[in-house]
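Peer 1: Have a look at this one before I ask anything.
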Amino acid sequence: MRTELASEPGDPARPNEDFASVGLPASGQGGALVVLDGVTPPRSGTGCLHSVPWFTARLGGALTELTVSLPDVPLTDALARAITRTADTHRETCDLSHPRTPQATVVMARWSAAAVEYLVLSDSALLVESTDGTITPCLDDRLSNLPRASLATDALIDAHIRNKEGGFFTAAADPSVAQRAVTGVLPRAEVRALAALTDGAARWVEKFREGSWGDCFALVRKEGARALVERVRALETADAQERTYLGRSKTHDDATVVYAEM
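The following block contains the structure:
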């Protein structure tokens, strides 16, 4: 098995809000990956004493442990348990009902000799390569399909669409959100490799239109996870002044890629 991980903050002066891990059970059978993209908080605050990196480290750590140590627990249940465990660590000190309480997008995958399970919540991506070379993106596209007018301000987003029916969902403090995730199970014999990307890395496809998801996967396979991040950084820098590509609120974003070849 070959695994590779690259993660880089959008701004070297700010902590990276992404989390990534690959877990390989001691039995040597199967494995799991977890990728979180922490939601950058507004200047008006989150009702929480803790930072987004604090949150993603705890949620990601819990997910890594649960996916590896409890292989028979469905990924939705693992996510619900991890959200509850993380919420319990600061329930007494923070307002977890605040719409901007620390939260994150989620990609999880777990494989065994029999199956590959996956879960995607919000706008990070999981790419699956089949044994015939076909690349299938597993996406939660609810956010990208919302009318642009509904995303005009943070106040509108928080009041009407963040973690609300008809909007989009992230992992925050409510474990029931796990049931909103996009999930699936594939025969292990039909999967050759996986790549998980936060939206900062997925910009290569989604914002800059440099190629298809298949082209993106081929780049990671051939040149490595770090190469994709470097390509994105070069595109962001070249477009920093003009902001030609719509939908890019930051010049640079945290970018994370995890690749697992089985």
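Using the working numbering, the letters of the sequence shown correspond one by one to residues -14 to 247. For each residue, glycine too, the CB sits at the ideal point set by N, CA and C.
#1: Within 10 Å of its beta-carbon, does D159 have 16 or more other beta-carbons around it, so buried, or fewer, so exposed?
#2: Pick from T86, E102, A98 and V91: whose alpha carbon is nearest that of V58?
#3: Quick check on E2: does DSSP put it in helix, strand or coil?
#4: Could you tell me if D239 is buried or exposed, where buried requires 16 or more neighbouring beta carbons within 10 angstroms of its beta carbon?
#5: Going by other Cβ atoms of all chains shown within 10 Å of its Cβ, with 16 needed for buried, is E2 buried or exposed?
#6: Report, in whole angstroms, the separation of the C-beta atoms of T41 and G23, which I expect to be a contact under 8 Å.
#7: Tell me the start and end of each unbroken beta strand (DSSP E) in the region 174 to 214 that is at least 3 residues and wholly inside, in chain order.
#8: Which full runs of the alpha helix (DSSP H) of 4+ residues lie inside the region 13 to 60, going along the chain?
#9: Express the C-alpha separation of R66 and R165 in angstroms, rounding to a whole number.
#10: On the three-state DSSP scale, how would you describe E221?
#11: Ordered along the chain, which non-local residues of its own chain (more than five positions away) have a Cβ less than 6 Å from that of L171?
#12: Please return the same chain residues whose Cβ sits closer than 7 Å to the Cβ of W198, not counting the five positions on each side in sequence.
#13: Count the other CB atoms, across all protein chains shown, that sit within 10 Å of the CB of L64; report buried if there are 16 or more and exposed otherwise.
#14: Between the alpha carbons of A248 and M(-14), how many angstroms are there, rounded?
#15: DSSP on P84, reduced to helix/strand/coil?
#16: Please state the DSSP three-state secondary structure of R165.
Peer 2: Straight from the coordinates:
#1: Translated into the one-based positions of the sequence shown, residue 159 becomes position 174. Buried, by the Cβ-count rule.
#2: Here residue 58 corresponds to residue number 73 of the sequence shown, with the count starting at 1. Among T86, E102, A98 and V91, the Cα nearest to that of V58 is on E102.
#3: Indexing the sequence shown from 1 puts residue 2 at position 17. Three-state DSSP puts E2 in coil, outside helix and strand.
#4: For the purposes of this step, residue 239 is taken as the residue at position 254 of the sequence shown. Counting every other CB atom within 10 Å of its CB across the protein chains shown gives D239 a total of 16 or more, marking it as buried.
#5: Within the sequence shown, the letter at position 17 stands for residue 2. Here E2 is buried: its Cβ has 16 or more other Cβ atoms, across all protein chains shown, within 10 Å.
#6: What you label residue 41 is simply residue 56 of the sequence shown in a count that begins at 1. What you label residue 23 is simply residue 38 of the sequence shown in a count that begins at 1. That belief holds up - the Cβ atoms of T41 and G23 are roughly 4 Å apart, short of 8 Å.
#7: With a minimum length of 3 residues, the continuous beta strand (DSSP E) runs that stay inside the region 174 to 214 are 176 to 182.
#8: Taking only runs of at least 4 residues, the alpha helix (DSSP H) segments lying wholly in the region 13 to 60 are 37 to 54.
#9: The sequence position of residue 165 within the sequence shown is 180, counting from 1. The sequence position of residue 66 within the sequence shown is 81, counting from 1. Rounded to whole angstroms, R165 to R66 spans 15 Å at the Cα level.
#10: Working through the sequence shown from its first residue, we reach residue 221 at position 236. Here E221 carries a helix assignment [DSSP, helix/strand/coil].
#11: Walking along the sequence shown from the start, residue 171 turns up at place 186. Here the set comprises V101.
#12: Within the sequence shown, the letter at position 213 stands for residue 198. The residues L112, I120, P122 and V190, in chain order, have a CB closer than 7 Å to that of W198 in the same chain once the five nearest residues on each side in sequence are set aside.
#13: Reading the sequence shown from its first residue, position 79 is the one you call residue 64. Per the 10 Å Cβ criterion, buried.
#14: Within the shown structure, residues of the chain are numbered from -14 to 247, placing residue 248 beyond reach of any answer.
#15: Position 99 of the sequence shown, counted from the start, is the residue given in the question as residue 84. Of the three classes helix, strand and coil, the one that applies to P84 here is coil, per DSSP.
#16: Along the sequence shown, read from residue 1 onward, the residue named residue 165 stands at position 180. In the three-state reduction of the DSSP assignment, R165 falls in the helix class, which pools H, G and I.
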